[in-house]
Each structure stands twice: as structure tokens, then as C-alpha cells.
Amino acid sequence: MTTDTMRDRVLSLIVSVGPITAAALADELGLTSAGVRRHVSALLDDGHIVDHQPAGPLIRGRGRPARAYVATPGGQQALASAYAEVAVDAMRFMRDTGDLEKFIESKSAAFERELAASVPQQAPMADRVAALAQALGRRGYATSVRPGPKGLTVQLCQGHCPVQSIAEAAPEWCEAEARAFSRILDVHVQRLSTLAGGAHVCTTTIPLARAGSREGTS
-18 MTTDTMRDRV
-8 LSLIVSVGPI
2 TAAALADELG
12 LTSAGVRRHV
22 SALLDDGHIV
32 DHQPAGPLIR
42 GRGRPARAYV
52 ATPGGQQALA
62 SAYAEVAVDA
72 MRFMRDTGDL
82 EKFIESKSAA
92 FERELAASVP
102 QQAPMADRVA
112 ALAQALGRRG
122 YATSVRPGPK
132 GLTVQLCQGH
142 CPVQSIAEAA
152 PEWCEAEARA
162 FSRILDVHVQ
172 RLSTLAGGAH
182 VCTTTIPLAR
192 AGSREGTS
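Here is the structure:
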């Protein structure tokens, strides 16, 4: 297998399951530690991957935590293929035939169930948002959580999207995702920007308290 082919496999795995550590990449692909570091270094230099910054406060313990990597938008584009074109064509076909909404709702329901299983419903809102961000990260999104004005809200940011090309052809995909976030967190959320809409990041504003609740207030 050529170096370029193996590097594509490393990038593909990071896109699919990132954030992922070099050790996990080596185990999954059967590479030596030195071999995977060489590919990771090249992908970092090319701007195809970056260090993942986990959401929430950093808990410092003994030793330095293992670095984990996620793909950048450039890395996503580097893996663009005929399969993505087929998926986009499928979205357009389903729109023309009237099946698009049903398909998106079905996929969104499965997406919501998977994410909801990782979000503790009785925890404070900030903790639920952090758990949601981490669950998204395991699905290949580069996620972060930023404080909003006066500490009343937070912004959930998604730096890249594994299905961006599909969402560009079917913006309903982004709308269904936002509704899923709202149901998981049991609060109204507001989608401010999307990658599919041309922004550099997907941004969702989330209030830190449910309507009628004193959570998040002092």
C-alpha cells in the first residue's frame, strides 16, 4: 500500500470517528506508533486535521492527556468523492419525488436517539450541553461550547460536518438537527449559522435554563 493511500485511510478514520488519538489510529489500522505519527504529522502540516479541544473545563491530573484529532473542512474536502456526489443526487431525487422530508425525519430520529443516550437529563443545562458536544465529537464533528452574554446562554459550535455536502443540497437536514438538539435538551434552541449556509462554523445558541425554571440564575 502506498504512503498516500495509507494517509487517506488515516484521514478517513479521523473524519469518521474523530476525535481519535494516534494510539487508537495505530490499533485500528495496524500501524506502528512511528508510522501513524508520520501520517498524522503530514496531515497536520497540510491543514487536514487539527488537535481537538474538548468542550467543558479541562481537568488536569498527572501526566499530559493524549492528543486527539479531528478533520478540518479542508480535510473533509480532501476526501470528497463520487460517493458524496451520489448522496447529493439522492437528496435532489427525493426532493423531486416527495420523499425527502420522510427520509430526513427518519435519519434525524436515529441521530437523536443516539445522542440522547449520552446526555444526562437531570444534570444542569451546562453539563447537558457539554455531554451533547462530546457525543457529537464522537460522530466526527469538531465541537466546542462557548459562553454567551451575561452567562445566560451558551453557544454550541460545530467546526465541521460529516454530511455538509448533503446539508448544502437539503437545508432541511440542518433544521432537523436543530430540532433534535431542542428535544434532547428540553429547551428552545436557536440556530444562528451553518456550514451548509456558507458560515465557517455551525452555531446554536442554547439558554442555560428551561422556561419557567430558575436553573442557571443566582
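When we follow the numbering used here, the leftmost residue of the sequence shown carries the number -18, and every step to the right adds one.
C-beta: ideal position from N, C-alpha, C; glycine also.
The structure displayed is predicted, hence computed values, not measured ones.
Looking at the DSSP output, VAL17 sits in no beta bridge, so it has no partner there. Here the alpha carbon of ASP108 sits roughly 21 angstroms from the alpha carbon of ALA49.
Taking a C-beta distance under 8 angstroms as the contact criterion, LEU(-6) and LEU6 qualify as a contact pair. Closest in C-alpha terms to SER125, from the list PRO105, VAL(-2) and ASP32, comes ASP32. Looking from the CA of LEU166, the closest CA among ARG120, PRO143 and PRO101 belongs to PRO101. Residues of the same chain with a CB within less than 7 angstroms of the CB of VAL135, apart from the 5 flanking positions on each side, are ALA107, VAL110, VAL126, ARG127, PRO128, GLY129, ILE187 and LEU189 in chain order.
The region 82 to 95 and the region 144 to 163 touch, with no fewer than 3 CB-CB distances between them shorter than 8 angstroms. Less than 8 angstroms divides the Cβ of GLU149 from the Cβ of ALA177. DSSP places LEU189 in the coil class of the three-state scheme, outside both helix and strand. For ARG127, the secondary structure class from DSSP, reduced to helix, strand or coil, is strand. Residue burial annotation: ALA47 is exposed, with fewer than 16 other C-beta atoms found within 10 angstroms of its C-beta. With contacts defined as CB atoms closer than 8 angstroms, VAL67 and HIS20 fail to qualify as a contacting pair.
Only residues of its own chain outside the window of five on either side were considered, and among them ALA150 have a CB closer than 7 angstroms to the CB of ARG73, listed in chain order. Secondary structure within the region 77 to 120: not one fully enclosed beta strand (DSSP E) run of 3 or more consecutive residues is present. Judged by beta-carbon spacing, GLN57 lies within the 8 angstroms limit of HIS141, meaning their Cβ atoms are closer than that value.
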